[in-house]
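In my numbering, the protein residues as written are 133 to 557.
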């Protein structure tokens, strides 16, 4: 008998969504700098402003969609997000102009916002708790493998026709959206809401949203670590916008690519991103094994990763040789890739099921807020010096490291208090 899409388990579907999404994004973003700089003629500041528009739109849309995902349907928002992403990537590939790229960024922001928090909250509902951390880390690793494949194919497709990766990615997102619409189940989510008609469901949304918003606001008081999660997310956002938009520009503008075997710039970038993704795969595996231990805490891993990202990004900014620059670029990118699943695990462990999508969405919105605030500033520095921009971006991670040290101390104090109670008891 043929296995139908409805037979996909939540675990399998979650990994599939993460893997295909990473492949499509890797396909586009590996050579996107060449498309935007060479085909669309964007300056370093415009490159950053494009990303700032993406993050600003994401920030405005994200929290409301997270609230609705907690009250209406995680499945609907995941499916809608995938379909909108397909349209957004296709639009950017069709018109290589600054204004059209900005429109595409708004569409992509809406797509990412629809999915943000909803996918992870759906997975937390449908995947058994004992497999959840494993699923998150495995999804991150599968995503890196997808990025590897996308990076390799990106160099080939972009060398043939620079906009082609956008069109392939757009088609993949549309197909994946159709699949989730057919195969995604929400058994546990519906069980919490009860069986209601569509009219009753939508009529209840305003009240549900207000209640969920109050629950999310109260988390800051009842779960102080959530405040630290939000703050760390903010500083990573301040750093990452400058890094994500200008690190490859720094590679292409500040260094001469070796003329080896006639490799073109798109192929070189593909190989570099491939190596960086391998580094991320290794870093994520180390973190996955650490989080798999009984009583493990994601914070120490996050602190080490933050230190590695900041130090290697700073060295990348001052590196004088191509090989050194590529090595520290791969190290920083690899450590940065492992931060996201570790942050997700940290957030999930400190959020209640009924508001988990809201908390995840809010954490991602703090990241976006940081990118909106930090991106233009780093872009202005990059107009004068790309090297200085990389060092400035790295410096923005220092407060995040200090906050993680604070989280470690708080956790240590809590454990001492628990041990004292046990001894007294």
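Backbone N, C-alpha and C fix where the C-beta goes; we use that ideal spot for every residue, glycine too.
- With respect to residue 279, residue 144 sits apart: the two C-beta atoms are not nearer than 8 Å.
- By the neighbour-count criterion, in which 16 or more other beta carbons inside 10 Å mark a residue as buried, residue 259 falls on the buried side.
- Between residue 451 and residue 443, the beta carbon gap of about 12 Å keeps them out of contact (Cβ cut-off 8 Å).
- Going by DSSP, residue 421 is part of the alpha helix (DSSP H) stretching over 397 to 423.
- Annotation: the continuous alpha helix (DSSP H) that includes residue 456 extends over 454 to 481.
- Note that the C-beta distance between residue 250 and residue 206 is below 8 Å.
- Note on geometry: alpha-carbon atoms of residue 517 and residue 283 lie some 27 Å from one another.
- For residue 149, the uninterrupted alpha helix (DSSP H) segment begins and ends at 142 to 161.
- Taking 8 Å as the upper bound for CB-CB distance, residue 312 and residue 210 are in contact here, some 6 Å apart.
- As the crow flies, the alpha-carbon of residue 275 is around 32 Å from that of residue 512.
- When the five nearest sequence neighbours on each side are left out, the beta carbons in the same chain lying within less than 7 Å of the beta carbon of residue 193 are those of 241, 242, 245, in order along the chain.
- Sorting 266, 180, 142 by C-alpha distance to the C-alpha of residue 422 places 266 at the top.
- Assigned with DSSP and collapsed to three states, residue 294 falls in coil, not helix or strand.
- If you draw a straight line from the Cα of residue 445 to the Cα of residue 527, it is about 9 Å long.
- Closest option to residue 228, judged by alpha-carbon separation, among 165, 462, 147: 165.
- Using a Cβ-Cβ distance cut-off of 8 Å, the stretch 301 to 310 and the stretch 150 to 167 are in contact, since at least three pairs of beta carbons, one from each stretch, lie closer than that value.
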